[in-house]
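The next block holds one structure in the form of structure tokens; read it before the comments.
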Amino acid sequence: WDASFAQDGARVTATAADYNRSVAADGTVSFGFLASWQGSNKEPVDFTLNGSPCTT
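Its first residue numbered 1, the sequence shown is counted upward by one per residue in full-length UniProt numbering.
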């Protein structure tokens, strides 16, 4: 919720909704998702925002 998601191979992209596209300097953004899988998907190893590393 609060984002749209697309997957290409191992990469998942979250795109902001119209109402939360701008983030103030030193601001934060939160979004959530529910997921399920079959097989042996690995845990995520990193997160980026516009190519810059993020923390979780």
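Quick reminder that beta carbons are idealized off the backbone N, C-alpha and C, glycines included.
Suppose the cutoff is 8 Å on Cβ atoms and the five residues either side in sequence are ignored; what does the same chain contact list for Trp1 look like?
Closer than 8 Å at Cβ, skipping near neighbours: Phe31, Gly32 and Phe33.
Shortest alpha-carbon distance to Glu43 belongs to which of Ala14, Asn20, Ala10 and Thr15?
Comparing Cα-Cα distances from Glu43 to each of Ala14, Asn20, Ala10 and Thr15, the minimum goes to Ala10.
On the three-state DSSP scale, how would you describe Asp8?
Residue state, collapsed to three classes: strand.
Cα-Cα, which of Asp26, Ala25 and Ala3 is closest to Thr13?
When only C-alpha atoms are compared, the closest one is Ala3.
Hey, how far is the Cα of Gln7 from the Cα of Asn50?
So the alpha carbons of these two residues sit roughly 16 Å apart.
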